[in-house]
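To keep things clear, I will list the structure first and then write my remarks on it.
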Amino acid sequence: MTHAGFIGLGSQGAPMARRILDAGLPLTLWARRPQSLEPFAGTKAEVADTPAELAAACDVVGVCVVGDADVEEVVLGESGVLAGLRPGAVLAVHSTVHPDTCRSLGALAAERGAHVVDAPVSGGGPAASEGKLLVMAGGDSDAVERCRPVFAAYGDPVVHLGPLGAGQVTKLLNNTLFTATFGIAASALALGQRLGVEPERFAEVAGHGSAASFALGRLAASGCDPTRMGAVAGGLLGKDVRLMGSLVDDSPTEAAEATEDVLAQARAALERMGAPLTTDKE
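Heads up: the sequence shown begins at 37 in the working numbering, then just goes up one per residue.
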């Protein structure tokens with residue numbers, strides 16, 4: 037039976053860890069903040085003193101922290117995951133980070149005979165609690181398959197997208213497209229208001245027609261006020277759009293040209309939300 041480890045017990049990571057327990061898999065936890073472990077008191081979950089101790093006990097180690105710096109801290113820091121990762125084990129990076137971060141970790145893990153899979157997720161805490169997270173995996177096929185018993189506890193579907201880094205590229209594209217679509221929807225509602233149609237009424241009609249989209253639904257749920265989305269998720273979206281922009285800057289001219297419009301729309305949407313574009317932190 038696969039022994040799972042999990043680091044990052046926030047609003048999304050905690051229900052993911054809970055689902056692993058509910059699936060009957062052995063689970064070891066570590067947290068930077070001791071209070072994050074309190075909901076798991078009295079469960080079968082074990083608690084490690086360090087990330088390295090956790091890794092030494094586990095076949096698959098999931099990390100679901102904020103951004104690149106946080107992943108590197110818990111993986112590469114003193115007594116980090118890499119120090120205890122045993123041969124054949126897999127580190128699964130659920131955080132949304134730069135693909136190169138995962139590739140660099142993969143090279144270091146390979147020196148220990150271990151593997152890295154990038155597996156960012158989409159759906160948030162509610163989807164995690166229901167076992168319905170979308171898991172976007174990149175990495176060696178065998179390594180991804182070793183993770184499936186764990187991913188299946190909280191993910192449906194689990195999609196293997198290609199080599200290491202492919203999951204992160206896909207997640208960044210997804211969030212950039214969502215942000216751009218959200219901004220276009222907000223512009224359409226504002227236009228309708230100037231022409232005498234109340235935003236709430238337009239959102240109700242469009243949501244049942246050919247203009248329906250997930251982004252429009254989120255905008256309608258926020259009272260047709262884009263700044264509410266900015267307050268809740270603007271930091272996350274701003275980070276991901278910034279990362280997508282950095283990938284485009286490093287890509288061939290054809291790739292940059294192909295994504296110029298969607299990035300421009302996404303950046304405009306972030307401004308409408310009042311969300312930051314340059315911070316590394318959510």
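For every residue, glycine included, the Cβ atom is placed at its ideal position computed from N, Cα and C. Note that the coordinates shown come from a computational prediction; the quantities given were computed from them, not determined experimentally.
Distance from the CA of G46 to the CA of G232, rounded to the nearest whole angstrom, comes to 43 Å. The shortest C-alpha to C-alpha distance from C100 to any of L170, V284, S246, A50 is the one to A50.
Under the 10 Å beta carbon count, H151 is surrounded by 16 or more other beta carbons and is classified as buried. Using a Cβ distance threshold of 8 Å, A91 and A59 do not count as a contacting pair.
Rounded to the nearest angstrom, the Cβ distance from G191 to L209 is 19 Å, too far for a contact under 8 Å.
Within its own chain, the residues whose Cβ lies closer than 7 Å to the Cβ of M309, once the five positions on either side in sequence are excluded, are P262, T263, M265, G266, G270, listed in chain order. F42 is bridged by DSSP to L65, G98. Rounded to whole angstroms, the separation of the alpha carbons of L273 and T132 is 10 Å. S177 is the residue among G219, S177, G228 whose C-alpha sits nearest the C-alpha of G203. Inside the region 233–292, DSSP marks whole alpha helix (DSSP H) runs of 4 or more residues at positions 235–242, 250–257, 262–285, from first to last along the chain. A128 is bridged by DSSP to G98, V153. Among the bridge pairs identified by DSSP, S158 is matched with L170.
For T212, the CB contacts under 7 Å within the same chain, skipping 5 residues up- and downstream, are D276, V277, M280, V298, L299, A302 in chain order. Boundaries of the alpha helix (DSSP H) harbouring L141: 135–146, taken from the DSSP string.
With 16 or more other Cβ atoms inside 10 Å of its own Cβ, Q48 counts as buried.
Following the DSSP letters along the chain, one finds G310 in no beta strand (DSSP E), marked with neither H nor E.
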